[in-house]
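Structure representation (structure tokens):
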């Protein structure tokens, strides 16, 4: 009888130890899952904001009567030229 009790006791200890290890792994996975979920939400929000800004900019450019593709490209190219420090003649 004592031998059977000892065997059951040792099995119980083993199961409790394994259970604790599995609990720790589950906590770590839950934490990782929460971090990934937050990152995914932030990425989706940023993507939505950028998409909305892009759409608003495109709508503003398209609805502007005086702007054309040539006007937009010439204005951006002049803004990107570095100053030479020379006075125009």
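Residue numbers (our numbering): 148 to 236. Don't be surprised by glycine CBs; every beta carbon is placed ideally from N, CA and C. Just so you know, these numbers come straight off a predicted model, no measurement behind them.
Look at the alpha carbon of residue i and the alpha carbon of residue j, and state the distance between them as a whole number of angstroms.
i: residue 159; j: residue 165; result: 10 Å
i: residue 244; j: residue 162; result: What is shown of the chain runs 148 to 236, which leaves residue 244 out entirely.
i: residue 182; j: residue 193; result: 17 Å
i: residue 195; j: residue 207; result: 18 Å
i: residue 169; j: residue 152; result: 25 Å
i: residue 224; j: residue 178; result: Reliability fails at residue 224, whose pLDDT of 49 lies under 50, so the model's placement of it is uncertain and the value that follows must be treated cautiously. Rounded to whole angstroms, residue 224 to residue 178 spans 49 Å at the Cα level.
In chain order, which continuous runs of the alpha helix (DSSP H) of length 4 or greater are located wholly inside the stretch 163-218? none
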